[in-house]
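Comments concern the structure below.
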Amino acid sequence: MIDFLCSHYQHPKDIEKICEFECRYDQMKPIQWYTKDWFLYRDLNQALREHDVIFSYSMRVFIKDLHQQITNCHAESKESTIFKVYRGLSIATATLDELKKKSGLLLSFNSFLSTTTNESVALIFSETPRDRPHMTTVLFEIKVDPSISTPAHYADISD
1 MIDFLCSHYQ HPKDIEKICE FECRYDQMKP IQWYTKDWFL YRDLNQALRE
51 HDVIFSYSMR VFIKDLHQQI TNCHAESKES TIFKVYRGLS IATATLDELK
101 KKSGLLLSFN SFLSTTTNES VALIFSETPR DRPHMTTVLF EIKVDPSIST
151 PAHYADISD
């Protein structure tokens, strides 16, 4: 994984972060690395969304560790009431039109889905740049019912 990252990222600041990752990574705390302000969050999710087999395979140990920690956090969760989380996105207007045609059907995301309980924060992440007129802002409101057993694990990683 480290060799792949070093060959994939050439900028000195990226190499520095990869070296820090190599020295300090703890398989019990991948969420901390996933949520750090560096390329891993962005590029891992992009690889999963776009089915980039090479990147995903190279990161398989990290993906497994991350999934395991989310699963463990989910199992330890004491949440019992229905709650809402939000996800803001900027997507192509044509994609939004297709989604509207499929209203009421299942929507699947091919990545780790980061959400927030704060609608305003989600809206910040959904802002569409002015120089991209073909894009539009979307806010997903997701109702989570902890009483329903689901194979999709979720966890509060705000700490």
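Okay, so the sequence shown: first residue is 1 according to the UniProt record's numbering, each after it adds one. Every residue, glycine too, gets a C-beta built ideally from N, C-alpha and C.
Secondary structure at residue i, three-state DSSP: helix, strand or coil?
i: Arg49; result: helix
i: Phe112; result: coil
i: Leu44; result: helix
i: Ala33; result: Here residue 33 is Trp; the residue named in the question, Ala, does not match the sequence. Trp33: helix per DSSP, three-state reduction.
i: Leu105; result: coil
i: Ala122; result: helix
i: Pro133; result: coil
i: His8; result: helix
i: Asp97; result: helix
i: Ile157; result: coil
i: Ser149; result: coil
Residues bridged to residue i by DSSP?
i: Val138; result: Leu89
i: Phe83; result: Val144
Since residue i contacts residue j with CB under 8 Å, what's their CB separation in whole angstroms?
i: Ile91; j: Val138; result: 6 Å
i: Thr71; j: His134; result: Rounded, the Cβ-Cβ distance is 38 Å, inconsistent with contact.
i: Ile31; j: Ile142; result: The pair is not a contact, with the Cβ atoms about 19 Å apart (cut-off 8 Å).
i: Tyr86; j: Thr128; result: About 16 Å separates the two Cβ atoms, so there is no contact after all.
i: Asn110; j: Leu44; result: Rounded, the Cβ-Cβ distance is 12 Å, inconsistent with contact.
i: His153; j: His74; result: 4 Å
So residue i is in the alpha helix (DSSP H); what residue range does that whole segment cover?
i: Gln69; result: Arg60 to Glu76
i: Ile15; result: Pro12 to Arg24
How would you label residue i, buried or exposed, when you count the other beta carbons within 10 angstroms and need 16 or more for buried?
i: Gln10; result: exposed
i: Leu105; result: exposed
i: Ser58; result: buried
i: Asp145; result: exposed
i: Asp65; result: buried
i: Lys17; result: buried
i: Ile2; result: exposed
i: Leu107; result: exposed
i: Gln27; result: exposed
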